[in-house]
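So the structure is just underneath, and the comments pick up after that.
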Amino acid sequence: MNNRAIEVLKVLRDEVSTLKDQQLVKAGVHSAIFVAVENGLIEFVVEIIKSHPLLLWVRNANGESIIKAAVVHRQEKIFNLIHGMGGQKTRLVGGRDKFGNNILHLAARLATASQLDRVAGAALQMQRELQCLRSGLINEVERIVNPKYLEEKNDDGKVPRTLFTEEHKHLVKEGEKWMKDTAAACIPVFYRHKAFMGFIISDTLTLYSATTAVLMFLYILTSRYAEGRFLEILPKRLIIGLASLFFSIASAFGATLYLTLSHGLEWVAIPLSLLAAVPVSLYA
């Protein structure tokens with residue numbers, strides 16, 4: 181937060197500290213603090229609680245406290261405020277909302293759209309949820325609460341782990357579709373075209389010629405430089421290596437060019453191919 185915002189927040193905190201319980205409700209402080217939790221405004225939450233410590237115990241329409249709302253909205257920094265609560269920690273994570281959910285049920289729910297949209301792609305969104313389960317906020321909640329919470333059922337008769345699976349079922353399907361679509365987009369779809377068969381053959385020739393060039397250059401590097409070898413053997417190996425290298429480059433370029441321009445722009449390939457011959461002619 182910038183300095184101006186901090187100053188405004190301090191003034192607001194001082195004003196809130198003078199209000200009674202009913203005045204806090206009428207002034208919309210209760211609603212404001214849950215909006216702040218939803219958006220991760222930890223400075224606002226901290227300052228308001230400092231002005232009225234009992235606000236830590238207020239509940240929203242679903243019967244969720246500030247700490248539990250932080251879990252629902254995946255606001256780990258706000259949830260971590262619980263570590264400074266001492267003996268009140270157990271009470272803050274205890275109890276149930278109006279649907280019979282304990283804090284682990286709330287953690288098992290699918291993250292809100294605003295949180296999911298921070299990561300692009302359903303598969304990566306599911307990855308983030310699993311990271312939260314195994315090493316993030318949900319894992320932190322499990323370490324704090326009583327182990328019996330893991331087996332408690334809500335009003336629908338579901339334990340937290342079952343609820344997590346059901347809540348994320350649609351995201352798993354979306355993630356599968358997203359991964360398959362992404363993978364398919366990276367796979368050539370020209371296998372029924374003659375141009376693609378030419379590309380395969382050219383690609384194979386490129387591999388062989390490039391391998392030949394590498395072997396020729398390795399032969400030159402490791403050869404015995406006896407006087408007689410400079411007459412024929414070494415020059416021949418150098419010429420073969422360079423020719424193979426030029427052929428591999430030209431073959432790969434030509435095949436890609438033909439495959440790309442084989443849908444009505446074949447005439448473009450001719451001048452481009454002629455331009456590709458310029459470096460070879462300069463070397464010659």
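In terms of our numbering, the sequence shown opens at residue 181 and continues consecutively.
Where is the CB? At the ideal position from N, CA and C, for every residue including glycine.
It should be emphasised that the depicted structure is a prediction, and the values quoted were computed from it without experimental measurement.
For the ligand FMN, I want to know if Leu272 counts as a neighbour, meaning its beta carbon is within less than 7 Å of at least one of the ligand's heavy atoms.
Among the components of this structure there are no ligands whatsoever, and the ligand FMN is therefore not found.
What are the boundary residues of the alpha helix (DSSP H) that includes Glu331?
On the sequence shown, position 151 is the one that residue 331 refers to. Here Glu331 belongs to no alpha helix (DSSP H), and DSSP marks it neither H nor E.
Inspect the beta-carbon positions of Leu313 and Phe344 and report whether they are closer than 8 Å.
The residue you call residue 313 lines up with position 133 of the sequence shown. The residue you call residue 344 lines up with position 164 of the sequence shown. Contact: yes.
Whole-angstrom distance between His263 and Ala288, CA atom to CA atom:
As a position in the sequence shown, residue 288 is number 108, starting the count at 1. As a position in the sequence shown, residue 263 is number 83, starting the count at 1. About 21 Å.
Outcome for Tyr388 when other beta-carbon atoms lying within 10 angstroms are tallied against a minimum of 16:
For the purposes of this step, residue 388 is identified with residue 208 of the sequence shown, where counting begins at 1. Exposed, since its Cβ has fewer than 16 Cβ neighbours within 10 Å.
Roughly how far, in whole angstroms, is the beta-carbon of Trp358 from the beta-carbon of Ala423, given that I think they are within contact range, below 8 Å?
Translated into positions along the sequence shown, residue 358 becomes position 178. Translated into positions along the sequence shown, residue 423 becomes position 243. The Cβ separation is near 46 Å, so there is no contact.
Whole angstroms is fine: what's the gap from Phe427's alpha carbon to Ile413's?
Along the sequence shown, read from residue 1 onward, the residue named residue 427 stands at position 247. Along the sequence shown, read from residue 1 onward, the residue named residue 413 stands at position 233. Computed Cα separation, rounded: 21 Å.
In the structure shown, what three-state DSSP assignment does Tyr405 receive?
By 1-based counting over the sequence shown, the position of residue 405 is 225. Three-state result, Tyr405: coil.
Output the distance between the C-alpha atoms of Ala241 and Gln307, rounded to the nearest integer angstrom.
Position 61 of the sequence shown, counted from the start, is the residue given in the question as residue 241. Position 127 of the sequence shown, counted from the start, is the residue given in the question as residue 307. Straight-line Cα distance between these residues: approximately 30 Å.
Can the beta-carbon of Ile283 be found closer than 8 Å to that of Val251?
Looking up residue 283 in the sequence shown gives position 103. Looking up residue 251 in the sequence shown gives position 71. Yes. Within cutoff.
What separation, rounded to the nearest whole angstrom, lies between the Cα atoms of Lys230 and Arg193?
Here residue 230 corresponds to residue number 50 of the sequence shown, with the count starting at 1. Here residue 193 corresponds to residue number 13 of the sequence shown, with the count starting at 1. Rounded to whole angstroms, Lys230 to Arg193 spans 8 Å at the Cα level.
Roughly how many angstroms separate the alpha carbons of Ile420 and Leu401, rounded to a whole number?
As a position in the sequence shown, residue 420 is number 240, starting the count at 1. As a position in the sequence shown, residue 401 is number 221, starting the count at 1. If I take the Cα positions, the gap works out to 14 Å.
Reference Arg323; option with closest CA among Gly408, Thr270, Ala406
For the purposes of this step, residue 323 is identified with residue 143 of the sequence shown, where counting begins at 1. Closest option to Arg323, Cα to Cα, is Thr270.
Can Val339 and Glu346 be called in contact, C-beta distance under 8 Å?
Here residue 339 refers to the residue found at position 159 of the sequence shown. Here residue 346 refers to the residue found at position 166 of the sequence shown. No, the pair does not count as a contact, with Cβ atoms beyond the cut-off.
Within this structure, are the beta carbons of Ala249 and Phe214 separated by less than 8 Å?
Your numbering for residue 249 matches position 69 in the sequence shown. Your numbering for residue 214 matches position 34 in the sequence shown. Yes, they are a contact pair.
Considering Cα atoms alone, identify which of Gly274, Pro233, Val226 is closest to Glu244.
The residue you call residue 244 lines up with position 64 of the sequence shown. The option with the nearest alpha carbon to Glu244 is Gly274.
Buried or exposed (CB count within 10 angstroms, at least 16 for buried), Gln203
As a first step, residue 203 is located in the sequence shown; it is residue number 23 there, counting from the start. It counts as exposed.
Using beta-carbon positions only, say whether Gly220 and Lys257 come within less than 8 Å of one another.
Against the sequence shown, residue 220 aligns to sequence position 40. Against the sequence shown, residue 257 aligns to sequence position 77. Yes. Within cutoff.
Below 8 Å, can you find three or more Cβ-Cβ pairs linking the region 377-388 to the region 430-444?
yes
Between which two residues does the alpha helix (DSSP H) carrying Ile413 extend?
Taking the sequence shown and counting its residues from 1, one reaches residue 413 at position 233. Counting along the chain, the alpha helix (DSSP H) containing Ile413 begins and ends at 413-440.
Taking the straight line between their C-alpha atoms, what separation do you get for Leu304 and Ile318?
Numbered from its first residue, the sequence shown carries residue 304 at position 124. Numbered from its first residue, the sequence shown carries residue 318 at position 138. So the two alpha carbons sit approximately 17 Å from each other.
CA-to-CA distance, Thr384 to Ile429, given in whole angstroms:
Here the question's residue 429 lines up with position 249 in the sequence shown. Here the question's residue 384 lines up with position 204 in the sequence shown. Computed Cα separation, rounded: 12 Å.
Which residue's Cα is closest to the Cα of Ser431: Gly208, Ala390, Asn281?
Here the question's residue 431 lines up with position 251 in the sequence shown. The shortest C-alpha separation from Ser431 is found at Ala390.
Own chain residues within Cβ distance below 6 Å of Leu425, not counting five before or after
Translated into positions along the sequence shown, residue 425 becomes position 245. Ala393.
Going by beta carbon distance, what residues of the same chain come within less than 6 Å of His285, once the five residues before and after it are set aside?
If you number the sequence shown from 1, residue 285 lands on position 105. Closer than 6 Å at Cβ, skipping near neighbours: Asn334, Pro340, Leu343.
Tell me the rounded alpha-carbon separation between Val188 and Ile247.
Taking the sequence shown and counting its residues from 1, the one referred to as residue 188 is at position 8. Taking the sequence shown and counting its residues from 1, the one referred to as residue 247 is at position 67. Spanning the two alpha carbons is a distance of roughly 25 Å.
To which residues of the same chain is Asp329 closer than 6 Å at the C-beta, ignoring the five residues directly before and after it?
Counted from its first residue, the sequence shown places residue 329 at position 149. Here the sequence assigns Tyr to residue 329, which means Asp is not the residue at that position. For Tyr329, where only same-chain residues beyond five positions count, the Cβ hits under 6 Å are Asn282, Leu284.
Which residue wins for smallest C-alpha separation from Leu290, given the options Phe397, Leu351, Ala216?
Residue numbering aside, residue 290 sits at position 110 when the sequence shown is read from its first letter. Looking at the Cα atoms, Leu351 is the closest of the given residues.
For Glu244, does the three-state DSSP call read helix, strand or coil?
Taking the first residue of the sequence shown as 1, we reach residue 244 at position 64. Glu244: coil per DSSP, three-state reduction.
Do Gln295 and His253 have their C-beta atoms within less than 8 Å of each other?
In the sequence shown, residue 295 corresponds to position 115, counting from 1. In the sequence shown, residue 253 corresponds to position 73, counting from 1. Yes; because the gap between Cβ atoms is below 8 Å, this pair is in contact.
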